[in-house]
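Data block below; observations after.
Right, here's the structure in full:
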């Protein structure tokens, strides 16, 4: 079991004054951290094994609108990083997504 003092879990983990532990993930600032927290992701380890596309779709459903696909790319990069992958800027994921879309259109 993780030590709450190290993971940031527990009652005082995010009281509005402290930064979310999610902001330790590359590309995740306060706004993305708040979005992930709404999806029951409180600490980086919560992203392991999660489907970033499903997280993105759930957020769109919660908000009743489509979000910018760059947010999806940020989720993809964050999940990959949480699972032990290298830190990658979200725009690299965007380029890959756009290249796949062009290939599917061909």
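Residue numbers (my numbering): 2 to 107. We put the beta carbon where it would ideally sit given N, CA and C, even for glycine.
Asked: Per-residue burial, residue 21 [other beta carbons within 10 Å of its own, 16 or more giving buried]; Found: buried
Asked: Cβ-based burial, residue 91 [other Cβ within 10 Å; buried from 16]; Found: buried
Asked: Closest Cα partner of residue 50 within the set 80, 38, 37; Found: 80
Asked: Buried versus exposed call for residue 105 [16 or more other C-beta atoms within 10 Å across all chains shown]; Found: exposed
Asked: Nearest-angstrom Cβ-Cβ length linking residue 53 and residue 73, presumed shorter than 8 Å; Found: 7 Å
Asked: Residue 42 beta carbon less than 8 Å from that of residue 75; Found: no
Asked: Continuous alpha helix (DSSP H) stretch holding residue 79: start and end; Found: 70-83
Asked: Contact set for residue 67: own chain, Cβ-Cβ below 6 Å, skip 5 residues either direction; Found: 61
Asked: Inter-residue Cα distance where the pair is residue 93 and residue 30; Found: 17 Å
Asked: DSSP state of residue 90 mapped onto helix, strand, coil; Found: coil
Asked: Residue environment, residue 63, which counts as buried when at least 16 other CB atoms sit within 10 Å; Found: exposed
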